[in-house]
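Novice: Please read through the structure below; I'll follow up with questions.
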Amino acid sequence: MKDVLQTERLRLRKMHDDDAEDLYKIWANPRVANYMNIEPFTTANQALAMIRVINDAPYALRYSVLLENEIIGSAGFNDMNGASGVVEIGYDLAEHYWRRGFGTEIVRALLTEATHHHYTEVHAKIAPHNEGSIKLVEKLAFTYQATFEEEGQQVALYTKKLQ
């Protein structure tokens, strides 16, 4: 996978330790954290720890999402075990940037990158009450599969076959 993805308005680059303070501000927002199925962060050290866990994970890649030079969210791939042909995506945005088309740009960039790496199916696990994210993936032809409990939280699974 590429370390940098570019969309019309956004740059997604592999997240690094220096992003912790900016990402902490996003992940400390209770509304953002709720949709991520996490508790709101209370310190930048929590964000730093999350960045390091993700960067050390062999089957994950997470990008910081930048609008001009401002970090406005994160996005990336989980469970990148190419043997199955399936990859999971995830994304979050600072609340100020919701419903402005950025999520759609991000997911399209992730889908393009997944296609280039010969994945045949993409999964997105979404909090069932996250209507904005559900509308986003449905607009991009994801199909609802099921709702189930994962790590004590309800998640709705949406999938999309790639060409």
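Oh and the sequence shown: position 156 is 156 in the numbering used here, straight run, nothing missing.
All C-beta atoms, glycine included, are put in the ideal place defined by N, C-alpha and C.
Which complete beta strand (DSSP E) runs does the segment 53-112 hold, if anything under 3 residues is left out?
Specialist: The qualifying runs are 61-67, 70-78, 86-93.
Novice: DSSP has Ala146 in a bridge; who is on the other side?
Specialist: Leu157, per the DSSP bridge assignment.
Novice: I need the straight-line Cα distance from Gly103 to Glu149, nearest angstrom please.
Specialist: About 24 Å.
Novice: On the DSSP bridge list, what partners appear for His16?
Specialist: None; His16 has no bridge partner.
Novice: Can at least three beta-carbon pairs, one atom from the segment 47-56 and one from the segment 90-97, be found at a separation below 8 Å?
Specialist: Touching, no.
Novice: Tyr144 to Phe77, Cα distance in whole Å?
Specialist: Near 19 Å, if we compare the C-alpha coordinates of Phe77 and Tyr144.
Novice: Output the distance between the C-alpha atoms of His129 and Asn69, rounded to the nearest integer angstrom.
Specialist: Their Cα atoms are separated by approximately 31 Å.
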